[in-house]
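Numbering (the numbering used here), first residue to last: 56 to 183.
Don't be surprised by glycine CBs; every beta carbon is placed ideally from N, CA and C.
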């Protein structure tokens, strides 16, 4: 913004300030706590979108992610399907979050074991 002030003139400029917001959360397994899964939650790509603005974060070894100092408003948060481990599926692929100024929201993505149906095929002997 450019402001010109001439000698003897008074100029007033109002600048609105908005407090930044924070989005955080986890990607967790929705299986018993003692089930194997160490390392599955690391490096999953979480995408934050608001209009034309996009931010990406990778989950840490515990599946946690955080994006701070962002503008308030409506954000869409999703986990990239390509980073979901084989044999698992997201229970909810995307969250829409409305952040107030100085607001904070905590999300929880859940990974469930992909259930596959196995169909047995009957074989008939050949040549009998």
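- When DSSP reads this structure, residue 56 sits in no beta bridge, so it has no partner.
- Residue 179 carries a coil assignment under DSSP once its states are collapsed to helix, strand and coil.
- If you check the CB distance, residue 140 and residue 95 come in under 8 Å.
- A direct Cα-Cα distance of roughly 16 Å separates residue 124 from residue 132.
- Inter-residue distance for residue 81 and residue 117 is about 8 Å (C-alpha atoms, whole angstroms).
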